[in-house]
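Per our numbering, residue 159 is the first one in the sequence shown, and the count goes up by one each step.
By construction, the Cβ of each residue, glycine as well, lies at the ideal position given by its N, Cα and C atoms.
Source: prediction; values computed, not measured.
For reference, the structure discussed in these notes is given below.
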Amino acid sequence: MYSWKFCEGIYDGAELQNPKTGYDVYFFGAERKSSLIKGLLKELDNIQLSVSVTTRAKREGETDGRDYYFINDDKFKELVEKKALYEYVDSDFGPKYGTPKKPVDDLLCQGKDVILDLDYPGVQQLRALAGDRVKAIALVPPSLKILRERLVNRG
């Protein structure tokens with residue numbers, strides 16, 4: 159079990175919670191997440207989106223620090239070695255993704271509730287740390303054909 163610095167104390171995964179409001183940290187998995195998350199961010203005042211790191215190239219219209227933190231493979235490896243990510247995907251066949259701990263901790267310490275935009279393996283890594291504290295909402299496409307079209311069209 160990992161431990162991390164969280165506000166004023168050290169907590170283990172069972173305590174992954176906003177200390178001011180008592181709400182859980184929520185995680186989303188699957189596809190069409192971005193549209194739903196953007197809608198929630200507009201409607202709810204006390205909720206923030208965690209920004210992930212990635213080694214992939216920036217797409218048109220994306221901003222570093224808003225959409226992702228765009229980093230190179232060496233920096234990603236350093237974050238993994240320092241255990242500075244709550245979860246990560248370290249693929250030899252494509253871009254790497256991860257959730258940096260410090261920004262999430264900072265938001266929680268400010269009393270914010272945090273959404274993480276994750277895939278299923280990321281949710282499973284967090285559940286290994288925090289068990290039932292992790293709440294996941296899985297969004298699935300209407301069909302595999304539509305999923306394929308969406309993935310191909312997004313680039």
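Query: Those runs of the beta strand (DSSP E) which lie wholly inside the region 219 to 243 and span at least 3 residues; Result: none
Query: Closest by C-alpha distance to Leu198, when choosing among Val292, Val272, Asp277, Val310; Result: Val272
Query: Check whether Val292 and Pro258 have beta carbons under 7 Å apart; Result: no
Query: Straight-line gap, Arg308 to Arg285 (C-alpha atoms, nearest Å); Result: 28 Å
Query: Ser301 burial status per 10 Å Cβ neighbour count (16 or more: buried); Result: exposed
Query: Bridge-paired residues (DSSP) for Asp271; Result: Ile205
Query: Neighbour-count burial assignment, Lys270, 16 or more Cβ in a 10 Å radius; Result: buried
Query: C-alpha gap between Asp275 and Leu265, whole angstroms; Result: 15 Å
Query: Cutoff 7 Å; reference Ala188; Cβ partners in own chain excluding five residues on either side; Result: For Ala188, the predicted model reports a pLDDT of 45, less than 50, meaning its position is unreliable and no value from the coordinates is stated.
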